[in-house]
Each structure stands twice: as structure tokens, then as C-alpha cells.
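Right, one structure below, let's go through it.
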Amino acid sequence: METNDNTNGEPEVPSGYRPLQPLGKHGKHGRDASRDRAKVPGSQSPSGSPLDAGAVQPASTSRMSAAQPASTSRMATVPPPSPSSTGSIPLGHAGAGANADAGFSQGRFDMPGSHKSPTSRKPFIIVGVVVALLLAIYVGVAVYFTFHFMPNTKIGESDVSLMSATDAEGAVAQVVGAYQFSLQGQGLEVKLKGSDLSSSQSATDVAREAMAAASPWVWPLELAQQHDETEKLSVAFSDLKAKDAVREAVNAHNASAVGPVDAAIAFDAAKGAYAVTPEQIGTKLEADAVVDAAWKAVSSLSPSLTVGDDFLQKPVVTSDDARLVAAVDTANAMAGANFALTMGKDTAAKVDASLISQWIKLGDDFSVTFDEAALAAWANDLAKACTTVGTTRAYTRPDGKQITVSGGVYGWEVKTDELVAQVKEGVTAARTDPLEVPCGAKGDAYHGAGKQDWGNRYLDVDLSEQHARFYDESGAIIWESDIITGIPDGQHDTPAGVYWVNRKASPSTLSGYQGDANIYNTEVQYWMPFVGDAVGFHDADWQSAFGGTLYKDGAGSHGCVNLPPAKAQELYSLLVEADTVVCHW
Numbered sequence: 204m205e206t207n208d209n210t211n212g213e214p215e216v217p218s219g220y221r222p223l224q225p226l227g228k229h230g231k232h233g234r235d236a237s238r239d240r241a242k243v244p245g246s247q248s249p250s251g252s253p254l255d256a257g258a259v260q261p262a263s264t265s266r267m268s269a270a271q272p273a274s275t276s277r278m279a280t281v282p283p284p285s286p287s288s289t290g291s292i293p294l295g296h297a298g299a300g301a302n303a304d305a306g307f308s309q310g311r312f313d314m315p316g317s318h319k320s321p322t323s324r325k326p327f328i329i330v331g332v333v334v335a336l337l338l339a340i341y342v343g344v345a346v347y348f349t350f351h352f353m354p355n356t357k358i359g360e361s362d363v364s365l366m367s368a369t370d371a372e373g374a375v376a377q378v379v380g381a382y383q384f385s386l387q388g389q390g391l392e393v394k395l396k397g398s399d400l401s402s403s404q405s406a407t408d409v410a411r412e413a414m415a416a417a418s419p420w421v422w423p424l425e426l427a428q429q430h431d432e433t434e435k436l437s438v439a440f441s442d443l444k445a446k447d448a449v450r451e452a453v454n455a456h457n458a459s460a461v462g463p464v465d466a467a468i469a470f471d472a473a474k475g476a477y478a479v480t481p482e483q484i485g486t487k488l489e490a491d492a493v494v495d496a497a498w499k500a501v502s503s504l505s506p507s508l509t510v511g512d513d514f515l516q517k518p519v520v521t522s523d524d525a526r527l528v529a530a531v532d533t534a535n536a537m538a539g540a541n542f543a544l545t546m547g548k549d550t551a552a553k554v555d556a557s558l559i560s561q562w563i564k565l566g567d568d569f570s571v572t573f574d575e576a577a578l579a580a581w582a583n584d585l586a587k588a589c590t591t592v593g594t595t596r597a598y599t600r601p602d603g604k605q606i607t608v609s610g611g612v613y614g615w616e617v618k619t620d621e622l623v624a625q626v627k628e629g630v631t632a633a634r635t636d637p638l639e640v641p642c643g644a645k646g647d648a649y650h651g652a653g654k655q656d657w658g659n660r661y662l663d664v665d666l667s668e669q670h671a672r673f674y675d676e677s678g679a680i681i682w683e684s685d686i687i688t689g690i691p692d693g694q695h696d697t698p699a700g701v702y703w704v705n706r707k708a709s710p711s712t713l714s715g716y717q718g719d720a721n722i723y724n725t726e727v728q729y730w731m732p733f734v735g736d737a738v739g740f741h742d743a744d745w746q747s748a749f750g751g752t753l754y755k756d757g758a759g760s761h762g763c764v765n766l767p768p769a770k771a772q773e774l775y776s777l778l779v780e781a782d783t784v785v786c787h788w
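Start counting the sequence shown at 204; every next residue gets the next number (this note's numbering).
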């Protein structure tokens, strides 16, 4: 063995020794490459790690040569190598300690925590591959169900599971084409076919709508669900076509149907009082309700719909309306009046609940008021019936002769406006005592329109018999006489009609005129006019006889009733002003 001649005190470096390069500076022979080299027996790295076999060659077992560093001032001292128990050569000295062990390991120069072993990365690689595979499957299935129906999908009675929209169109078209709808009830009957309600695009539209209802990106959840897309069939039908067909049928039905009647108040003649009349439904249908219900049935593919009572038009006002109850109370209070309308000693009309009910009306706001027009119409009718002046009357004379007379100035003449006001006032005040009909002229009696309106006392002048009779209150004749009346030439006729005795005068001068010319002046002892002051009863001492046909045989007067002087005196003593005179044929 050779001795160490190094006089500088620096340790010798074995022959062929190469200084270790820092980690990361080896290139392709770097850290990983040196880790895989075979270890050289009896050698170590400066940090105490075994040297690579290709890096250090032992020169001699007795002597090591020294490696000259670039700078001796910074080069660590390498002690002589000594065999380890494992046969490897330690590099460095024991003074390197834990720090040297931390830097070198298994022939590598690693910084602490700078590298993980391949074994520690393998689980992460496996997980990443699995996640990528699952993601690819998820996306692929989602894309598939974007264009295909989910499992367990039905449209009507057709199973379209896993079909594309195009494939499903045929099934939808069959369902739509086979559909029929029937609407019946309340006299209405409508039948519709699916083919009449759909268009050429119907099946396509239904398939697209049904497919759009699914959520392909949550397909794991959708797979477990049942998908009934029958309601999407409504897309196949035109609501306009269906609704128009139904509305046309309803309108035709309603044209002859009976509409509803609102509850109201009416007079119940049997009870003599007002009561609420119940509402009535009728047979007219509520068009909008029927149309909407029919479309709802069609859109859900229901085969039929029954039109029940709930589709009938309903009254607006019902019998339980509180306003009607209040109106009944008000109307009954108004109808509480009960009084007679009198003319003389007779009753011309009776104002009671049954009559008042004709003048009461219910307003739109349920107010109860007088129907002014109805009251005025009634008053006009009564006035015409009760006004007898100049009207035709039929009566039976006490001797049994039936007579009809028209004309004259005697009789009743009702004041219509005053009658309306007084009746309305009496009804409002719930009057019960008699009310006299207001008249401008009054007769002695009233027995109804067209009947005798004078009393039993009157002077009857029978122009056809040329005889006059005076009856008293008992109907007995208290005076009578043959007479001569006016010449029946259309100018001097004694006028027929009913009159009053206007006055009495004794004596009096009678003057006759033709135009403005006075043609005679005749003095009489007893003058009793009844047609103005122109026609009346008077004595006629120039007549030689009375009665018969003398009045038309040349002895007729200018219109007056000629009497024998003695009979004229008797009559003058019996007759009073306002006695009734009836001249008739």
C-alpha cells in the first residue's frame, strides 16, 4: 500500500473520482439516471451516500488521490474511506450528521420534500380516468335524450319511449285522426272529429312539444319517472276551430230557447197583496261556459261532455235578495189605500189594492214608485167613461119604452188632471173614505157609461109621439100634454139630446132672426128654455090643435115645444131651473 505524500494536510481523492454534480444539472445523466446506476463497493458520496459505479473508481486500497476543487477555500475535506458494514464506501465523515443524510439518499442528491414516488400518484390517475369516463357517458346519454323520448313516455294510448320526434309523429297522427268528441244535453248536440280540428303540422307540433317537456340533462332522475304527455295532444287541435263549431251550435240553440227571468215583485190577486215572484232559469245556455268546457274536454281528449243545468244562463236577481223584500213592504203599504170614487150618490170606480197594483212599478234600483204613465192612462179611460155630456145613453122609460138618446149639454164632465192628482194623493195617504170625482159639470145620477145619468125626476119629450111627460122622484107622471115641435126641415128641428132647464120667465118676448134680420117678435106668458135661451117650452095660443103630425104638416115651430096655454101654465108651476129635459125620437 502506498502512503499519502500530501503535505498540505488535505485528504486524498481516490483515482478516477469525479465530483458530484448538483441535482438538476445532470442532463440525461441527472438525478434519475444516477439513481439507477449500480453502487460501487466501499465508496460513498460526500454526504455519506453510496457513489454510483460509473462515477468513482477505487485506485488502491492503501491510498486515495486527491481531487482538486476549483476553489480550495470552499471545498469540503474528504476523510479516508472506510468500509461500511454493507460493503459500501461512505463519502464524507461522521460530522456531516443528520444534515448530510437529509441531502443524499440512495445515491441521489434530493432536496427534502421535492419529489413524490410514482406509487403515491397512481390512485389519482385512476380516479381521473374513471371521472372522465363517467362524464363522457353522462354527456352522451344527455345528448341522446335531447333527440329521443325518455323511457316510459306515453302520448295518449301510444308508447313513444326512446322514439325520436320524427318516429313519434306517426303514432301521434293516428291518435289525432281517430279522436271523436260528442257534446250533448239541454237540447244541444254537437259532434266533432279530430281530423276536422287538426292541421297538417299537428302531429309534428305535438311530438316537439312532448319531447321538449323532458329534461335530458337530468336524465338519471327522468329515467325513474313515468312521462304521460297526453296533454300535449291539445297542440294538435285548433282551439279556434273547436270553439267556433261549439259556439255556432250554442247560438243556434239559444235563438229559440227561453231566457232566464229575474225575481221581482208582483201583486197576488188571491192574497190581495204584493209578494216576491221567484226567478226562472229558462233554457238558454251560457255560451262562453259551454265553449270553454268543450275546449277543455277536447284538449284532454275526453270523448264527450254532458251539458247540465250548470251551463244554463242564470238570473241576475234571485228571490232572496233583500232589496226585493224591502220593495214588497213598500208596495204593500201603497196598496193599503181603499176608497170609492163617487159621482153623485153612485160609485164610479173603486180604488183598492188590485187597481193600485197597476200603477206601481219597480225601478232598476228596486225603488217602488207610481207609474205616472199608467195612472194617467187609467184616469183618461175613467174620464171618458164617466164624462156623459153629448154621449149616447140607453134607458127604459117608466112606461116600458126603450129609448136611445144622444147629444145635449147635460151630464158629467170629469177633470182628468185633477182626478190624477187626487187619486195619487189618496193612495199615498192610504185613504179609506170616499173621494168625489172632480168634474166641471155634474149630472143628477150616474149608472155607468152609456146609461141614464139623470134621476127619476125629469121631463120626457117624445118627438116621434109629439107628447111630453113629466115624472117626479118616484117615477110617477105629474104632468103630460100633446105638443107641436119644430119643422123637420134640417133648420127648425127641435134638437134631440139631454138638457137642463136654464131659467123661467113670465111673460117673455120671443124674437126670431134670419141672419142679422129680425123676422118676428112674439110675446108669450110662460117661457122655459132648455137649449140656451133659443129653444124651450112656451104657450102657443095661435095653435088650434096639438099632437099627431101637425109639426110636419105645416104647423111646426121654429124649434120650440109649443104647449096649450093651460098646460104651459101647469108646467110652469111644476118645473124648476136645472130640471132635466130629455128630447128623443
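For glycine and all other residues, C-beta sits at the position ideal for the given N, C-alpha and C.
Taking W703 as part of the beta strand (DSSP E), name the residues at either end of that continuous run.
Here residue 703 is taken as the residue at index 500 of the sequence shown, counted from 1. Residues G700 to W703.
Could you give the first and the last residue of the continuous beta strand (DSSP E) run that contains H456?
By 1-based counting over the sequence shown, the position of residue 456 is 253. Note, H456: premise wrong, no beta strand (DSSP E); alpha helix (DSSP H) at D442 to A458.
Assuming the contact rule is C-beta atoms closer than 8 Å, R660 and D782 should be a hit. Round their C-beta distance to whole Å, please.
Against the sequence shown, residue 660 aligns to sequence position 457. Against the sequence shown, residue 782 aligns to sequence position 579. About 7 Å separates the two Cβ atoms, so the contact holds.
Short of 7 Å in beta carbon distance, which residues of its chain neighbour E360, apart from the five on each side in sequence? Order them along the chain.
Translated into the one-based positions of the sequence shown, residue 360 becomes position 157. The residues are V378.
Among Q561, P463 and T550, nearest to A472 - alpha-carbon criterion:
Numbered from 1 along the sequence shown, position 269 holds the residue referred to as residue 472. The shortest C-alpha separation from A472 is found at Q561.
Report yes if the C-beta distance between R672 and D663 is below 7 Å; otherwise report no.
Mapped onto the sequence shown, residue 672 falls at position 469. Mapped onto the sequence shown, residue 663 falls at position 460. Cβ atoms of R672 and D663: closer than 7 Å.
Indicate whether W730 and A708 have their beta-carbon atoms separated by less than 7 Å.
Within the sequence shown, residue 730 is the residue found at index 527, counting from 1. Within the sequence shown, residue 708 is the residue found at index 505, counting from 1. Going by C-beta atoms, W730 is nearer than 7 Å to A708.
Output needed for T486: all residues of its chain with C-beta closer than 6 Å, excluding positions within five of it in sequence on either side, in chain order.
Here the question's residue 486 lines up with position 283 in the sequence shown. Hits under 6 Å: A460 and V461.
Give me the Cα-Cα distance between S505 and L365, rounded to the nearest whole angstrom.
One-based indexing of the sequence shown puts residue 505 at position 302. One-based indexing of the sequence shown puts residue 365 at position 162. Approximately 27 Å, taken between the alpha carbons.
Sequence-distant residues of the same chain with beta carbon closer than 7 Å to R706, five excluded per side
Within the sequence shown, numbered from 1, the residue matching residue 706 stands at position 503. Around R706: P732 and E780.
DSSP has G566 in a bridge; who is on the other side?
Counted from its first residue, the sequence shown places residue 566 at position 363. Answer is none; G566 lacks a bridge partner.
Bounding residues of the alpha helix (DSSP H) (the contiguous stretch that carries D491):
Position 288 of the sequence shown, counting from 1, holds the residue named residue 491. That run of the alpha helix (DSSP H) goes A490 to S502.
Out of M546, L766 and T688, state which residue places its alpha-carbon closest to the alpha-carbon of L753.
Position 550 of the sequence shown, counted from the first residue, corresponds to residue 753. If we check each option's Cα against that of L753, T688 comes out closest.
Specify whether the region 576-585 and the region 615-622 touch according to this definition: at least 3 beta carbon pairs, one from each stretch, less than 8 Å apart.
yes
Does the Cβ of G678 have 16 or more other Cβ atoms within 10 Å, making it buried, or fewer, making it exposed?
Against the sequence shown, residue 678 aligns to sequence position 475. Exposed, because fewer than 16 other Cβ atoms sit within 10 Å of the Cβ of G678.
Do the CB positions of A406 and V375 come within less than 7 Å of each other?
On the sequence shown, residue 406 is found 203 positions in, with the first residue counted as 1. On the sequence shown, residue 375 is found 172 positions in, with the first residue counted as 1. Cβ distance < 7 Å, so A406 and V375 count as in contact.
Where does D647 land, buried or exposed, given buried means 16+ other C-beta within 10 angstroms?
Position 444 of the sequence shown, counting from 1, holds the residue named residue 647. Flag for D647 reads buried.
C-beta atoms of A551 and Y702 nearer than 7 Å:
By 1-based counting over the sequence shown, the position of residue 551 is 348. By 1-based counting over the sequence shown, the position of residue 702 is 499. Contact: no.
Pick out the complete alpha helix (DSSP H) segments inside the region 575-655, 4 residues or longer, and give them in chain order.
575-589 and 619-631
On the DSSP letters alone, give me the boundaries of the alpha helix (DSSP H) that D370 sits inside.
Working through the sequence shown from its first residue, we reach residue 370 at position 167. It spans A368 to A381 - the alpha helix (DSSP H) in which D370 sits, taken as one unbroken run.
Name the DSSP bridge partner or partners of V571?
Mapped onto the sequence shown, residue 571 falls at position 368. DSSP output for V571 lists L565 as bridge partner(s).
Taking just the CA atoms, how far does T533 sit from D567?
Residue numbering aside, residue 567 sits at position 364 when the sequence shown is read from its first letter. Residue numbering aside, residue 533 sits at position 330 when the sequence shown is read from its first letter. Between D567 and T533, the C-alpha separation is close to 15 Å.
Which residues bound the alpha helix (DSSP H) around Y775?
What you label residue 775 is simply residue 572 of the sequence shown in a count that begins at 1. Per DSSP, Y775 belongs to the alpha helix (DSSP H) from P768 to L777.
Going along the chain, which residues of its own chain have a beta-carbon closer than 8 Å to the beta-carbon of G373, five neighbours each way excluded?
Locating residue 373 in the sequence shown gives position 170, counting from the first residue. The residues are A406.
Can you pull the DSSP bridge partners for N724?
Along the sequence shown, one-based indexing puts residue 724 at 521. Answer is S714, bridged to N724.
Whole angstroms are fine: how far does the CA of G658 sit from the CA of R600?
Counting from 1 along the sequence shown, the entry for residue 600 is found at position 397. Counting from 1 along the sequence shown, the entry for residue 658 is found at position 455. Roughly 12 Å between the two C-alpha positions.
Hey, out of A538, M353 and A427, whose CA is closest to K564's CA?
The residue you call residue 564 lines up with position 361 of the sequence shown. Selected option, being the one with the closest Cα: A538.
Considering E683, what are the terminal residues of the alpha helix (DSSP H) in which it resides?
To locate residue 683, count along the sequence shown from 1; it is residue 480. Unbroken run through E683 is the beta strand (DSSP E), I680 to D685; no alpha helix (DSSP H).
Could you tell me the distance, in whole angstroms, from the CA atom of L638 to the CA atom of V734?
In the sequence shown, residue 638 corresponds to position 435, counting from 1. In the sequence shown, residue 734 corresponds to position 531, counting from 1. So the alpha carbons of these two residues sit roughly 32 Å apart.
Which class does V334 belong to by DSSP, given the choice of helix, strand or coil?
As a working note, residue 334 is residue 131 in the sequence shown. DSSP places V334 in helix when its eight states are reduced to three.
At which residues does the alpha helix (DSSP H) containing M537 begin and terminate?
Counting from one through the sequence shown, the residue named residue 537 turns up at place 334. Residues A525 to M537.
Apart from the five residues just before and just after W498, which ones in its own chain have a Cβ nearer than 8 Å to its Cβ?
The residue labelled residue 498 in the question sits at position 295 within the sequence shown. Closer than 8 Å at Cβ, skipping near neighbours: D442, A445, K446 and V449.
Considering P423, what are the terminal residues of the beta strand (DSSP E) in which it resides?
On the sequence shown, position 220 is the one that residue 423 refers to. Taken as a continuous stretch (DSSP letters only), P423 belongs to no beta strand (DSSP E), being part of the alpha helix (DSSP H) at W422 to E425.
Below 8 Å on the Cβ atoms is my guess for L585 versus L386; work out the distance and round it to an integer in Å.
Position 382 of the sequence shown, counted from the first residue, corresponds to residue 585. Position 183 of the sequence shown, counted from the first residue, corresponds to residue 386. L585 to L386, Cβ: 57 Å. No contact.
Buried or exposed for V510, please, with buried defined as at least 16 other CB atoms from any protein chain shown within 10 angstroms of its CB.
To locate residue 510, count along the sequence shown from 1; it is residue 307. The residue is buried, with at least 16 neighbouring Cβ atoms inside 10 Å.
Can you check DSSP and say which residues form a bridge with I468?
Against the sequence shown, residue 468 aligns to sequence position 265. I468 is bridged to V479.
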